[in-house]
Structure formats: structure tokens, C-alpha cells
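What follows is a set of notes on a single structure, which appears directly below.
There are 2 protein chains.
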Amino acid sequence: MDQPARTPRQIGAALQRRRKLLGVSQEDLGSRVQLRQSTISKLEGGDPGTKLSTLLDTLAGLGLEFVIRERSKDQPDIEDLF
Amino acid sequence: MDQPARTPRQIGAALQRRRKLLGVSQEDLGSRVQLRQSTISKLEGGDPGTKLSTLLDTLAGLGLEFVIRERSKDQPDIEDLF
DNA sequence: CGTCAATATACGCTAAAGCGTATAATGTTG
DNA sequence: CAACATTATACGCTTTAGCGTATATTGACG
Chain D
240 MDQPARTPRQ
250 IGAALQRRRK
260 LLGVSQEDLG
270 SRVQLRQSTI
280 SKLEGGDPGT
290 KLSTLLDTLA
300 GLGLEFVIRE
310 RSKDQPDIED
320 LF
Chain Z
240 MDQPARTPRQ
250 IGAALQRRRK
260 LLGVSQEDLG
270 SRVQLRQSTI
280 SKLEGGDPGT
290 KLSTLLDTLA
300 GLGLEFVIRE
310 RSKDQPDIED
320 LF
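Protein chains in written order, with this note's numbering: chain D, 240 to 321; chain Z, 240 to 321.
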């Protein structure tokens, strides 16, 4: 159930999935971690310019964390292949 | 061997460890992924303002990837506890 | 369909990333 | 210690994130 995330879009999608699973709105999450709703929206949308701090705060706010591991060759590299 | 990374500093440290393990300089890595040596330096130093794209490019350049998982309670949250 | 919640966008403003280019501060080795 | 490599900083410049505030879109539901 751990998701590899190599692109901003994959990360955004994972965050959104989790948020919805928790049944919380961008607004709620935003006020929880001191970020604007619009910022969360951009992040979930896969904005590559998002600041690391913003991402980490949001992750934490959703009860998630990053793990760094060696790149597994199996997954398609081309990303977002649809 | 997979490292949880909850803060910019932890991430920077992990990247640096990996880079040294590969025996490559910041300069080499930088030209490899189209980033300046100074940028890599800041990233490894734990700059929270680093752009997501910069981080992901660097990770890829080092043959690493992120995995998103549920926050494990065991690790100390206070971070960088030394 | 109407209504209210939720999300995507917009605009002016401030702060700062990363660039290009250099140089200081450290490391590393012979 | 000398000489070279590596890494940390610096400065001006351009671009953009996120803020604050607001609104346009879209979604869910009675």
C-alpha cells in the first residue's frame, strides 16, 4: 500500500487520495497545517514548484511520511502514462 | 535500509549519504540533472524552500525514489534529535 | 433544478529559489 | 605544507510560491 512517487503529479494524487480517505476538505487540511486552500489545490494538482516545506507539512497533516529508497526498476518511468 | 524522511534536513542528509556512496561530486551530480552545484549544496544542507522539482530531479539522479506511506509512530517526531 | 459545499483560479504583494558567475572556506593527498 | 578538488557563500537578475482576499467552476444532494 506504500506508493512510489517520482513525479509531482503522482505525489499530488497520493495526497488527494489520502485526504479524501480521511474525509477532510482542502480548507480543513489547510487551516490544520497553516496553508491556504489554494495552495493545497495546487499541490494536489501536481505543481512542481511547490516548496519542500509545504509538501512535508501537508504530508504530516495527513498522517503520512516519505521514505527514501533505491529506485525500483519495475515501475514504468515514463510516469502518468495515460 | 529505506529511510523515513520527515524534514528537509533528513532528506538532505540522505541525499548526501547516497551521493558520497556513489562517489560523485555535487558538481557532477548537478550537471547530470541540470542543477547548479550551489543548488545541490543547499538541498543537502536541508533548505526547506527547495522546489519539489529540484528535489525529485536530484533523487532520480542518484537512483533514488520516494515512497509515501503512513506515518510510523515509532520514530521520534522531534527530529534531528542531536 | 436550486442550493450550499468544495475546489480551481485570479490579482497584487512580498519573499526567496535557482540561474550565471565567482570566490571563500574546507578537504584531501602527495 | 603545497597544490588541487570539493563544497559553502555571495550578488544581481528573473521567475514564481504562497499570502490575503475573492470569485468562478464544479460537485453533491434534497
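Note that CB positions come from ideal geometry on N, CA and C, so glycine has one too.
Between the C-alpha atoms of residue i and residue j, what's the straight-line distance to the nearest angstrom?
{"i": "glutamate 304 of chain D", "j": "arginine 256 of chain D", "result": "14 angstroms"}
{"i": "aspartate 216 of chain Z", "j": "arginine 308 of chain D", "result": "Outside the shown range of chain Z, which is 240 to 321, sits residue 216 of chain Z, and nothing can be said about it."}
{"i": "arginine 258 of chain D", "j": "threonine 278 of chain D", "result": "14 angstroms"}
{"i": "leucine 260 of chain Z", "j": "glutamate 266 of chain D", "result": "42 angstroms"}
{"i": "aspartate 319 of chain Z", "j": "serine 280 of chain D", "result": "With a pLDDT of 44 at aspartate 319 of chain Z, under the threshold of 50, the predicted position of this residue should be treated as unreliable, though the coordinate-derived value follows. So the two alpha carbons sit approximately 30 angstroms from each other."}
{"i": "lysine 312 of chain Z", "j": "glutamine 276 of chain Z", "result": "36 angstroms"}
{"i": "arginine 248 of chain Z", "j": "glutamine 249 of chain D", "result": "23 angstroms"}
{"i": "arginine 310 of chain Z", "j": "arginine 310 of chain D", "result": "21 angstroms"}
Using 9 angstroms as the threshold, is the C-beta distance between residue i and residue j below it?
{"i": "glycine 285 of chain Z", "j": "glycine 251 of chain Z", "result": "yes"}
{"i": "glycine 300 of chain Z", "j": "arginine 271 of chain Z", "result": "yes"}
{"i": "leucine 274 of chain Z", "j": "threonine 246 of chain Z", "result": "no"}
{"i": "valine 306 of chain D", "j": "valine 306 of chain Z", "result": "yes"}
{"i": "leucine 282 of chain Z", "j": "leucine 295 of chain Z", "result": "no"}
In its own chain, which residues sit with a C-beta less than 7 angstroms from the C-beta of residue i, not counting the 5 before and 5 after it?
{"i": "alanine 253 of chain D", "result": "Gln242 and Ala244"}
Return the bridge partner residues of residue i from the DSSP annotation.
{"i": "alanine 244 of chain D", "result": "Z:Phe305"}
{"i": "lysine 290 of chain D", "result": "Z:Lys290"}
So, under 8 angstroms CB-CB, residue i and residue j are touching, yes? Tell me the CB distance rounded to an integer number of Å.
{"i": "leucine 291 of chain Z", "j": "leucine 268 of chain D", "result": "About 18 angstroms; that fails the 8 angstroms criterion."}
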